[in-house]
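*Asks:* Counting from 1, one number per residue, gives the positions in the sequence shown under full-length UniProt numbering. By construction, the Cβ of each residue, glycine as well, lies at the ideal position given by its N, Cα and C atoms.
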Amino acid sequence: MKSLNLNEKTLMYYGRLARGQASLHFSQFGEDIIINILLKKKKEGFYLDIGAHDPFVFSNTALLYHEKGWRGINVDLDQRYVDRLQEQRPRDINLCCAIGGENGTIDAVIFENGAFNTADPGRQARLMQDNTSAEKRSVPMRTIPSLLDEHLPPGATIDFLNIDVEGIDFIALQANDWTRFRPAVIAVETHGMNLHDPASNRVFQLLVSKGYQLRSQVWVTSIFTL
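#1: Could you tell me whether the stretch 54-72 touches the stretch 17-37, where touching means 3 or more Cβ pairs closer than 8 Å?
#2: Hey, Ile144 and Phe204: beta-carbon distance below 8 Å or not?
#3: In whole angstroms, what is the alpha-carbon distance linking Leu77 and Glu8?
#4: Taking contact to mean at least 3 C-beta pairs separated by less than 8 Å, is the stretch 82-89 in contact with the stretch 187-202?
#5: Would you call the stretch 93-108 in contact with the stretch 140-158, where contact means no fewer than 3 C-beta pairs closer than 8 Å?
#6: Quick one: what does DSSP say Ala119 is sitting in, helix, strand or coil?
#7: Can you have a look at Ser3 and say buried or exposed, based on whether 16 or more other CB atoms are within 10 angstroms of its CB?
#8: Pull the bridge partners of Tyr47 from the DSSP assignment, please.
#9: I need the boundaries of the beta strand (DSSP E) containing Gln213, first residue and last residue.
#10: Go to Leu95, then tell me how far its beta strand (DSSP E) extends in each direction, as first and last residue.
#11: Short check: CB of Glu166 to CB of Gly69, under 8 Å?
#12: Take Phe224 as the anchor and find which of Gly20, Gln28, Leu38 has the nearest alpha-carbon.
#13: Return the chain-ordered list of same chain residues with a C-beta closer than 6 Å to the C-beta of Leu207, the five sequence neighbours on each side being excluded.
#14: Rounded to whole angstroms, what's the CA-CA distance from residue 261 to Asp149? Just pull it up for me.
#15: Around the Cβ of Asn162, are there at least 16 other Cβ atoms within 10 angstroms (buried) or fewer (exposed)?
#16: Is there a C-beta anywhere in chain D that falls below 8 Å from the one on Gly45?
#17: Put Gly104 into one of helix, strand or coil per three-state DSSP.
#18: From what residue to what residue does the beta strand (DSSP E) around Phe224 run?
#19: When the Cα of Ile93 is compared with those of Gly100, Ile73, Phe111, Tyr65, which residue comes out closest?
#20: Quick check on this structure: which residue in Tyr14, Gly20, Ile168 has the alpha carbon closest to the alpha carbon of residue 277?
#21: Roughly how far, in whole angstroms, is the beta-carbon of Met193 from the beta-carbon of Gln217, given that I think they are within contact range, below 8 Å?
#22: Please name the residue in Arg71, Arg91, Cys96 whose C-alpha comes closest to that of Gln79.
#23: Would the beta-carbon of His191 fall within 8 Å of that of Gly114?
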């Protein structure tokens, strides 16, 4: 077995991390650090991660699960990633379906690189032009309330909602029952958000109308709090 040689820079990083002078993150752009702060570093909360993708790569909930003792519901339309989530997050409920505006089925496109998977027809057409590995599949679709009615454990509330469903985020959020399910923090991808005119964005309009405030914009991710 080869010995593990740590150079001075690596040792410095680990030392900083151990002393609380550096932060570990899994998100693509460090969103989970901001989310953790907005959640007041709460321990043992409950999340709903829609479009969860990988248990670690680009994950906005991995830090909460592994460092803060959280658990939750992970949803992805690609069974490959649901299997990975099941393996790496046994405390979680891991479901394979799409989330949208109604219950039923929807045509989704699954790519070899699952980060591009989408149920949005416009994105499907654009992405399939340049990707021959795409495969169309019919997948079950649920609304947020119907999914939570079936799978939310008794007594649990959603503290954090992460939603990244590649083009139909607004439709999925619009179908939520905001009288019953009001996460304290919401992170949602808002491609094309104009920070000089956020009110022109439909997701911004919807969440503000439900009592939320935009607290941070990290590249394409908007983070809202009550």
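*Replies:* Walking through what the data contain:
#1: Result yes; three or more Cβ-Cβ pairs closer than 8 Å.
#2: No, Cβ-Cβ distance for Ile144 and Phe204 is not below 8 Å.
#3: One C-alpha to the other measures close to 43 Å.
#4: Touching, no, given that fewer than three Cβ pairs across the two stretches are closer than 8 Å.
#5: When C-beta atoms of the stretch 93-108 are compared with those of the stretch 140-158, three or more pairs fall below 8 Å, so the two segments count as touching.
#6: Coil.
#7: Residue placement at Ser3 is poorly supported in this model, since its pLDDT is 49, which falls under 50; the coordinates are not used for a value here.
#8: Listed as beta-bridge partners of Tyr47 by DSSP are Gly72, Phe160.
#9: Bounds of the beta strand (DSSP E) holding Gln213 are 213-218.
#10: Residues 93-96.
#11: Contact flag unset, no.
#12: Per the Cα distances, Leu38.
#13: These residues qualify, in order along the chain: Phe224.
#14: Outside the modelled stretch of the chain, which goes from 1 to 226, sits residue 261, for which no answer is possible.
#15: By the neighbour-count criterion, in which 16 or more other beta carbons inside 10 Å mark a residue as buried, Asn162 falls on the buried side.
#16: In the structure shown, chain D cannot be found, because there is only a single protein chain.
#17: Strand, per DSSP.
#18: For Phe224, the enclosing beta strand (DSSP E) covers residues 221-225.
#19: Out of Gly100, Ile73, Phe111, Tyr65, the CA that lies nearest to the CA of Ile93 is found in Ile73.
#20: Any property of residue 277 remains undetermined from this structure, which presents the chain solely from 1 to 226.
#21: Right, their Cβ atoms sit about 6 Å apart.
#22: Taking Gln79 as reference, the option from Arg71, Arg91, Cys96 with the minimal CA-CA separation is Cys96.
#23: Cβ distance not < 8 Å, so His191 and Gly114 don't count as in contact.
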